[in-house]
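Novice: Residue numbers (the numbering used here), protein chains in the order written: chain A, 1 to 224; chain B, 1 to 112. Cβ coordinates follow ideal geometry from the N, Cα and C atoms, glycine included. First the structure, then my questions, so here it is.
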């Protein structure tokens with residue numbers, strides 16, 4: 001029992017305590033964790049480098065808008081078309097982005113035809129009329145007789161309307177007609193009317209003249 | 001300046017649609033809106049056809065009227081059944097032919 005007090009034994013025990021335990025080998029899971037942490041560290045460093053580069057790119061592509069010009073345009077729209085609804089209350093203090101958003105909102109409203117089935121209905125009707133004319137006058141490899149297709153489509157618009165509306169909602173943001181397209185459509189319709197008046201049914205030419213005469217209502221027709 | 005022929009004819013045609021819809025108890029409720037979609041020039045052409053075939057109106061010839069209307073392009077498909085309905089209702093005949101007479105006479109009027 002007292003042998004533990006022997007100075008030689010005491011010195012040996014002190015040496016044993018001071019000596020480091022043999023290094024433990026890392027397990028497979030610990031190795032994988034190390035790899036993941038290293039990969040994460042690398043990703044973070046890459047992200048940091050990108051962020052440092054981004055401000056330069058933004059500066060290059062930022063478009064400079066003249067706020068006063070945008071506001072003038074917006075007020076001109078509102079003055080000419082007082083029925084336009086507002087989305088933002090914009091003033092000289094507003095950001096260019098807000099004014100641009102309001103301008104876009106005005107243009108979308110002007111490009112949406114509310115009556116007779118809207119733009120979707122108008123496009124569908126126009127397409128059907130186009131198919132009818134092409135198969136009749138230009139190209140009809142299947143020998144289809146599609147006379148009256150445009151008229152039947154117009155009459156059945158109630159059945160087409162839900163589908164057309166659904167499609168308009170699905171692609172809604174990009175499907176409004178710009179003023180250039182609307183003007184082109186109107187010019188096209190006028191050209192077609194004059195063409196049919198000059199080359200087709202002479203009644204169209206007569207009707208074009210007569211429709212703008214001043215009507216003289218016969219006596220006793222007020223109840224009709 | 002008064003109302004134009006095109007506008008006047010369209011107003012009266014839509015009125016006729018409303019009158020038929022009112023009497024048909026729901027069968028032709030869509031008729032006014034269908035007629036309202038016609039352009040003024042389409043309505044004027046329709047009236048032109050009536051003016052050219054005044055004998056149909058004078059003799060109140062339903063068969064010829066239906067034939068004529070069915071042959072015309074741009075006439076809504078709801079119109080021939082509406083005429084058939086009016087034909088089947090004796091009490092509506094007098095006013096219907098007054099409408100036809102009105103269209104035929106106004107299309108050739110010019111108050112200027």
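By the DSSP assignment, the alpha helix (DSSP H) with residue 24 of chain A in it spans what residues?
Specialist: As a first step, residue 24 of chain A must be located in the first chain, where it is residue number 24. Unbroken run through residue 24 of chain A: none, as it is neither H nor E.
Novice: Do three or more CB pairs link the region 50-69 of chain B to the region 130-138 of chain A at distances below 8 Å?
Specialist: Touching, no.
Novice: Straight-line CA distance for residue 44 of chain B to residue 88 of chain A?
Specialist: Counted from its first residue, the second chain places residue 44 of chain B at position 44. Counted from its first residue, the first chain places residue 88 of chain A at position 88. Taking the straight line from one Cα to the other gives about 45 Å.
Novice: For the region 87-102 of chain B, which residues have a CB atom closer than 9 Å to at least one CB atom of chain A, in sequence order?
Specialist: 95, 98, 99, 101 and 102
Novice: Does DSSP classify residue 153 of chain A as helix, strand or coil?
Specialist: Against the first chain, residue 153 of chain A aligns to sequence position 153. Correct three-state label for residue 153 of chain A: helix.
Novice: Under 9 Å between beta-carbons, which chain A residues line up against residue 70 of chain B? List them in chain order, please.
Specialist: For the purposes of this step, residue 70 of chain B is taken as the residue at position 70 of the second chain. Going along chain A, no residue has its Cβ under 9 Å from residue 70 of chain B, so there is no contact; the nearest lies around 11 Å.
Novice: For residue 76 of chain B, return the contacting residues in chain A, with the cut-off set at a CB-CB distance below 7 Å.
Specialist: Looking up residue 76 of chain B in the second chain gives position 76. Ordered by position in chain A, the residues that pass the 7 Å Cβ test against residue 76 of chain B are 155.
Novice: Indicate the three-state DSSP secondary structure (helix, strand or coil) for residue 4 of chain B in the structure shown.
Specialist: Numbered from its first residue, the second chain carries residue 4 of chain B at position 4. Three-state DSSP puts residue 4 of chain B in a strand.
Novice: Any idea which residues DSSP pairs residue 214 of chain A with across the strands?
Specialist: As a working note, residue 214 of chain A is residue 214 in the first chain. Residue 214 of chain A pairs with B/4.
Novice: With a threshold of 6 Å on Cβ separation, who are the neighbours of residue 154 of chain A within its own chain once the five nearest residues in sequence on each side are excluded?
Specialist: Walking along the first chain from the start, residue 154 of chain A turns up at place 154. Correct list, in chain order: 125.
Novice: Would residue 18 of chain B and residue 38 of chain B qualify as a contact pair, given that the criterion is a beta-carbon distance under 8 Å?
Specialist: Taking the second chain and counting its residues from 1, the one referred to as residue 18 of chain B is at position 18. Taking the second chain and counting its residues from 1, the one referred to as residue 38 of chain B is at position 38. The Cβ atoms of residue 18 of chain B and residue 38 of chain B lie no closer than 8 Å to each other.
Novice: How is residue 139 of chain A classed by DSSP in three states: helix, strand or coil?
Specialist: Residue 139 of chain A sits at position 139 when you count from the first residue of the first chain. Coil, per DSSP.
Novice: So residue 46 of chain B and residue 72 of chain B are in contact, right, with Cβ under 8 Å, and what is the actual spacing, rounded?
Specialist: Numbered from its first residue, the second chain carries residue 46 of chain B at position 46. Numbered from its first residue, the second chain carries residue 72 of chain B at position 72. Confirmed, Cβ separation roughly 7 Å.
Novice: Is there a C-beta anywhere in chain A that falls below 8 Å from the one on residue 106 of chain B?
Specialist: Position 106 of the second chain, counting from 1, holds the residue named residue 106 of chain B. Yes - at least one Cβ of chain A is within 8 Å of the one on residue 106 of chain B.
Novice: Quick test of your reading: residue 4 of chain B and residue 215 of chain A, contact by CB under 8 Å. State the CB separation rounded to the nearest angstrom.
Specialist: In the second chain, residue 4 of chain B corresponds to position 4, counting from 1. In the first chain, residue 215 of chain A corresponds to position 215, counting from 1. That belief holds up - the Cβ atoms of residue 4 of chain B and residue 215 of chain A are roughly 6 Å apart, short of 8 Å.
Novice: Hey, quick one: how far does the alpha helix (DSSP H) through residue 25 of chain B stretch, first residue to last?
Specialist: On the second chain, residue 25 of chain B is found 25 positions in, with the first residue counted as 1. No alpha helix (DSSP H) holds residue 25 of chain B; DSSP gives it neither H nor E.
Novice: When you compare each of A/164, A/83, A/145 and A/150 to residue 121 of chain A by their alpha carbons, which one comes out closest?
Specialist: For this step, residue 121 of chain A is matched to residue 121 along the first chain. It is A/164.
Novice: Step through the CB atoms of chain B and report whether any lies within less than 8 Å of the CB of residue 224 of chain A.
Specialist: One-based indexing of the first chain puts residue 224 of chain A at position 224. Yes, because at least one Cβ of chain B sits closer than 8 Å to the Cβ of residue 224 of chain A.
Novice: Using 8 Å for Cβ pairs, my map puts residue 14 of chain B next to residue 36 of chain B. What's the rounded Cβ distance?
Specialist: The count along the second chain starts at 1 and reaches residue 14 of chain B at position 14. The count along the second chain starts at 1 and reaches residue 36 of chain B at position 36. Indeed, because the Cβ distance is near 5 Å, the residues count as touching under 8 Å.
Novice: Give the secondary structure of residue 82 of chain A by DSSP, where H, G and I count as helix, E and B as strand, and everything else as coil.
Specialist: Here residue 82 of chain A refers to the residue found at position 82 of the first chain. Residue 82 of chain A falls in the coil class under three-state DSSP.
Novice: Let's see if you can read the secondary structure: which residues bound the alpha helix (DSSP H) around residue 107 of chain A?
Specialist: Along the first chain, read from residue 1 onward, the residue named residue 107 of chain A stands at position 107. Run containing residue 107 of chain A: 96-111, per the alpha helix (DSSP H) assignment.
Novice: Whole angstroms is fine: what's the gap from residue 100 of chain A's alpha carbon to residue 91 of chain A's?
Specialist: Counting from one through the first chain, the residue named residue 100 of chain A turns up at place 100. Counting from one through the first chain, the residue named residue 91 of chain A turns up at place 91. If I take the Cα positions, the gap works out to 12 Å.
Novice: Within 10 angstroms of the Cβ of residue 13 of chain A, are there 16 or more other Cβ atoms? Answer buried if so, exposed if not.
Specialist: The count along the first chain starts at 1 and reaches residue 13 of chain A at position 13. Exposed is the call here.
Novice: Give the interface partners of residue 14 of chain B over in chain A, defined as CB-CB distance under 9 Å, in chain order.
Specialist: Mapped onto the second chain, residue 14 of chain B falls at position 14. Ordered by position in chain A, no residue passes the 9 Å Cβ test against residue 14 of chain B, which lies about 11 Å from the chain.
Novice: I'd like to know if residue 40 of chain B contacts chain D, where contact means its C-beta is closer than 8 Å to some C-beta of that chain.
Specialist: The structure shown has no chain D; the protein chains it does contain are A and B.
Novice: Does the beta carbon of residue 57 of chain B sit closer than 8 Å to a beta carbon anywhere in chain A?
Specialist: Taking the second chain and counting its residues from 1, the one referred to as residue 57 of chain B is at position 57. At least 8 Å separates the CB of residue 57 of chain B from every CB of chain A.
Novice: Between which two residues does the alpha helix (DSSP H) harbouring residue 63 of chain B extend?
Specialist: To locate residue 63 of chain B, count along the second chain from 1; it is residue 63. Taken as a continuous stretch (DSSP letters only), the alpha helix (DSSP H) holding residue 63 of chain B covers 62-71.
Novice: Please report how far the alpha carbon of residue 185 of chain A lies from the alpha carbon of residue 7 of chain B, in whole angstroms.
Specialist: Sequence index remark: in the first chain, residue 185 of chain A carries index 185 (1-based). Sequence index remark: in the second chain, residue 7 of chain B carries index 7 (1-based). Roughly 23 Å separates the two Cα atoms.
Novice: May I ask you to report which of helix, strand or coil DSSP gives residue 15 of chain B?
Specialist: Here residue 15 of chain B is taken as the residue at index 15 of the second chain, counted from 1. Assignment of residue 15 of chain B by DSSP, reduced to helix, strand and coil, places it in the helix class.
Novice: According to DSSP, simplified to helix, strand and coil, what is residue 39 of chain B?
Specialist: Along the second chain, read from residue 1 onward, the residue named residue 39 of chain B stands at position 39. Of the three classes helix, strand and coil, the one that applies to residue 39 of chain B here is coil, per DSSP.
Novice: Could you round the C-beta distance between residue 217 of chain A and residue 106 of chain B to whole angstroms and report it? I think they count as a contact, below 8 Å.
Specialist: One-based indexing of the first chain puts residue 217 of chain A at position 217. One-based indexing of the second chain puts residue 106 of chain B at position 106. At roughly 7 Å, the Cβ-Cβ gap stays under 8 Å, so residue 217 of chain A and residue 106 of chain B are in contact.
Novice: Can you list, in chain order, the residues of its chain whose CB lies under 6 Å from that of residue 70 of chain B, leaving out five sequence neighbours each side?
Specialist: One-based indexing of the second chain puts residue 70 of chain B at position 70. Only 80 meet the Cβ criterion.
Novice: Note down, in chain order, each residue of its chain lying with its Cβ closer than 6 Å to the Cβ of residue 74 of chain B, except the 5 sequence neighbours on either side.
Specialist: Counted from its first residue, the second chain places residue 74 of chain B at position 74. Once the five neighbours on either side are set aside, the close Cβ partners of residue 74 of chain B are 42.
Novice: Using a Cβ-Cβ cut-off of less than 9 Å, list which residues of the region 185-218 of chain A approach chain B; keep chain order.
Specialist: 193, 201, 203, 204, 206, 207, 208, 210, 211, 212, 213, 214, 215, 216, 217 and 218
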